[in-house]
Amino acid sequence: MRHKEIEILIQKSLDHETNGEEERTLQLHLSRCPTCRQFYRELMQTEQALTGLIEFYPRQDFDDRVLRKLGLARSLVWAKAATVLAGAWLGSVLFLLFSPLTEEFFGRVLTSVPALARSIGKIQFAISTFSHVLIPFAKNFNYAFPIIALVFTVLLLYFFSRTTKKEVICRA
Amino acid sequence: MENEADLISGALAGEEEAYRGLLDLYKGRVFSFVYRIVRNYDDAEDITFGTFVRCFKALSSFDPTKSFSTWLFSIAHNLTVDFLRKKKQEYELLDERLPGGDDLVQEYEKNEQLGRIEGALLKLAPIDREIVIFFYREEKSYKEIGEILNIPVTTIKTRLHRARKKLRDLVREKE
Chain A
36 MRHKEIEILI QKSLDHETNG EEERTLQLHL SRCPTCRQFY RELMQTEQAL TGLIEFYPRQ
96 DFDDRVLRKL GLARSLVWAK AATVLAGAWL GSVLFLLFSP LTEEFFGRVL TSVPALARSI
156 GKIQFAISTF SHVLIPFAKN FNYAFPIIAL VFTVLLLYFF SRTTKKEVIC RA
Chain B
30 MENEADLISG ALAGEEEAYR GLLDLYKGRV FSFVYRIVRN YDDAEDITFG TFVRCFKALS
90 SFDPTKSFST WLFSIAHNLT VDFLRKKKQE YELLDERLPG GDDLVQEYEK NEQLGRIEGA
150 LLKLAPIDRE IVIFFYREEK SYKEIGEILN IPVTTIKTRL HRARKKLRDL VREKE
């Protein structure tokens, strides 16, 4: 068999398209012909190198950019907004509980703006009526309520920080 | 949710996690394929971005009895060819641009053996590079490659045989 014919057979073998008879003919020739054997070995080495090509990746924010383009990356925005809101809530609870200036400050604001004082008075009246009608135990208000609120705030912050972390891990 | 079919159904139902799952599965493969053809990180990322956006927008028209990756790669191929045309680069002829200049390639070529084959690949025409990558890296059959590139199987075989021999010669030259 000529080298050219063997080369065709080698290509066929690399395509996994040789039958048993063709494979035997090829192997017999390769065992006798060093030139074709060398050619076959080099083609095999090239194949191995090609299968070992490494994978490249786009930038880390790629997924988010694609999902944003499709209008699908809403949860991350909501998680961030919720974290900010929960933080603001916690901050205001702490401020109201511990600031010595609070009463004086609000007193000044209310006396300087009578319309605001009247509005807040109405709101207080509405809340108070609502509480007395629907929540009898509101009469027995004590410091347990702000403490419970504080605990819920911390739990809420923990939950949203976990959600945000998960999103970041997904992106990385 | 890791199964491709589940991810596709999830994405069709609008689940964000399913879209992320499909991106995790394919972004590296599509990006690597495009990058090896256009040889520029930013251009490759733009084309990959366009591929996924187009794919996800048209997901409802995908035939689930067919291969998702073949469909996805055919979109990537079409966008890559459009890009090369816009840049007035030859697709079926030898790419005459000089290799290098890109940090990724330089980093990659620190590995001598991989660098040799990567350098040799660069000296093939883009169409032959695509065939070689689909055959060896993506393990696609001739029929699937034919579907992606929209050319007859006989042409693909002829081109692959020629490319295989040329790559062997080029790697030998570099040794």
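These protein sequence lines are chains A and B, in that order.
Residue numbering for the first sequence follows my numbering, beginning at 36 and increasing consecutively.
Residue numbering for the second sequence follows my numbering, beginning at 30 and increasing consecutively.
Beta carbons are placed, not taken as given, at the ideal position from N, Cα and C, and that holds for glycine.
| Query | Result |
| --- | --- |
| Since Gly57 of chain B meets chain A, which of its residues come closer than 9 Å, beta carbon to beta carbon? | Glu90, Phe91, Tyr92 and Pro93 |
| Report yes if the C-beta distance between Arg197 of chain B and Glu77 of chain A is below 7 Å; otherwise report no. | yes |
| Note down, in chain order, every chain A residue with its Cβ under 9 Å from the Cβ of Ser106 of chain B. | Just to set this straight, residue 106 of chain B is His in the shown sequence, not Ser. Going along chain A, no residue has its Cβ under 9 Å from His106 of chain B, so there is no contact; the nearest lies around 17 Å. |
| Take the Cβ of Ala116 of chain A as the centre, count every other Cβ of all protein chains shown within 10 Å, and call the residue buried at 16 or more, exposed below. | exposed |
| Could you check which residue in A:Ala123, A:Ala152 and A:Arg153 has the C-alpha nearest to that of Leu192 of chain A? | A:Ala123 |
| Quick one: Cα of Gln73 of chain A to Cα of Met79 of chain A, how far? | 10 Å |
| In terms of residues, what are the limits of the alpha helix (DSSP H) holding Gln62 of chain A? | Gly55 to Arg67 |
| Residues in the same chain with beta-carbon distance under 6 Å from Ala192 of chain B, minus the five sequence neighbours each way, listed in chain order, please. | Leu153, Asp157 and Val161 |
| Cα separation between Val144 of chain A and Ala152 of chain A? | 8 Å |
| Enumerate in chain order the residues of its own chain whose CB-to-CB distance from Leu41 of chain B is below 7 Å, with the five nearest sequence positions on each side excluded. | Leu88 and Ser89 |
| Could you pull out every residue in the same chain whose Cβ sits closer than 8 Å to the Cβ of Thr70 of chain A, ignoring the five residues on either side in sequence? | His38 |
| Any chance the region 46 to 58 of chain B sits against the region 66 to 76 of chain B, with 3 or more Cβ pairs inside 8 Å? | no |
| On a Cα-Cα basis, can you pick out the residue from B:Ala149, B:Phe164, B:Ser96 and B:Arg188 that is closest to Glu33 of chain B? | B:Ser96 |
| Assess contact between the region 59 to 72 of chain B and the region 89 to 106 of chain A, defined as three or more Cβ pairs (one per stretch) separated by less than 8 Å. Is contact present? | yes |
| Residues of chain A with CB closer than 7 Å to the CB of Val161 of chain B, please, in chain order. | Leu85 |
| If you measure between the beta carbons of Val63 of chain B and Thr99 of chain B, is that distance less than 7 Å? | no |
| Who are the neighbours of Leu65 of chain A on chain B, taking C-beta pairs under 9 Å? | Near Leu65 of chain A there are no residues of chain B at all, since even the closest Cβ is about 16 Å away, more than 9 Å. |
| Closer than 6 Å: is that where the CB of Arg114 of chain B sits relative to any heavy atom of the ligand GTP? | Judged by which ligands are present, the structure shown has none, so any question about the ligand GTP falls away. |
| Give every residue of the same chain whose Cβ lies closer than 8 Å to the Cβ of Lys172 of chain B, excluding the five residues on either side of it in the sequence, and list them in chain order. | Val182 |
| Please check if any C-beta of chain A sits within less than 7 Å of the C-beta of Thr77 of chain B. | yes |
| Along chain A, which residues have their Cβ under 9 Å away from the Cβ of Leu54 of chain B? | Chain A residues near Leu54 of chain B: none, gap ~12 Å exceeds 9 Å. |
| On a Cα-Cα basis, can you pick out the residue from A:Leu185, A:Thr164 and A:Ile155 that is closest to Phe130 of chain A? | A:Leu185 |
| Please report the distance separating the alpha-carbon of Ala161 of chain A from that of Ile155 of chain A. | 10 Å |
| Quick check: what's the CA-CA separation for Arg166 of chain B versus Thr86 of chain A? | 5 Å |
| Where do the N-terminal and C-terminal ends of the alpha helix (DSSP H) with Gln46 of chain A fall, by residue? | His38 to Leu49 |
| Quick check on the burial criterion: 16 or more other C-beta atoms within 10 angstroms. Buried or exposed for Leu189 of chain B? | buried |
| Of all the options A:Thr60, A:His51, A:Gly55 and A:Asn54, which has the alpha carbon lying nearest to the alpha carbon of Glu40 of chain A? | A:Thr60 |
| Taking DSSP as the reference, what is the three-state secondary structure of Gln83 of chain A? | helix |
| Are any of the Cβ atoms in chain A nearer than 7 Å to that of Glu74 of chain B? | yes |
| Determine, for Glu44 of chain B, whether the minimum Cβ-Cβ distance to residues of chain A falls below 7 Å. | no |
| Taking Cβ positions, are Ile174 of chain B and Ala84 of chain A nearer each other than 7 Å? | no |
| Closest to Ser61 of chain B by CA distance: which of A:Val189, A:Asp50, A:Ile89 and A:Arg67 is it? | A:Ile89 |
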